[in-house]
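Per our numbering, the very first residue in the sequence shown carries number 78; after that it's consecutive.
Even for Gly, the Cβ is constructed at its ideal location relative to N, Cα and C.
This one's a predicted model, so the numbers in the text were calculated from it and none came from an experiment.
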Amino acid sequence: MLQPVFTKQKNLEQLPQLLKHYQQVYPQAKQQGKIVLRQYLKKLNHQIQHLQFRSKQR
Numbered sequence: 078m079l080q081p082v083f084t085k086q087k088n089l090e091q092l093p094q095l096l097k098h099y100q101q102v103y104p105q106a107k108q109q110g111k112i113v114l115r116q117y118l119k120k121l122n123h124q125i126q127h128l129q130f131r132s133k134q135r
């Protein structure tokens, strides 16, 4: 039977590096996510206002 390349010990040794990487990447990704959501909400609001305006004209 094949042994997995990563043993438990090797994984444990990598944890500090992964944590460091995560702490660097996460805040940036969180900020980008907020920006994307804000843009999406603006777009939806614009569509809603447009539809309301059109329905009032009838």
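From residue i to residue j, what does the alpha carbon distance come to, in whole angstroms?
{"i": "Gln116", "j": "Tyr103", "result": "20 Å"}
{"i": "Arg135", "j": "Leu128", "result": "11 Å"}
{"i": "Leu89", "j": "Phe130", "result": "59 Å"}
{"i": "Gln105", "j": "Lys119", "result": "21 Å"}
Under a three-way DSSP split, which group does residue i fall into?
{"i": "Arg135", "result": "coil"}
Note down, in chain order, each residue of its chain lying with its Cβ closer than 6 Å to the Cβ of residue i, except the 5 sequence neighbours on either side.
{"i": "Gln91", "result": "none"}
Ignore the nearest five residues each way along the sequence and tell me which others in residue i's own chain have a CB closer than 8 Å to its CB.
{"i": "Gln94", "result": "none"}
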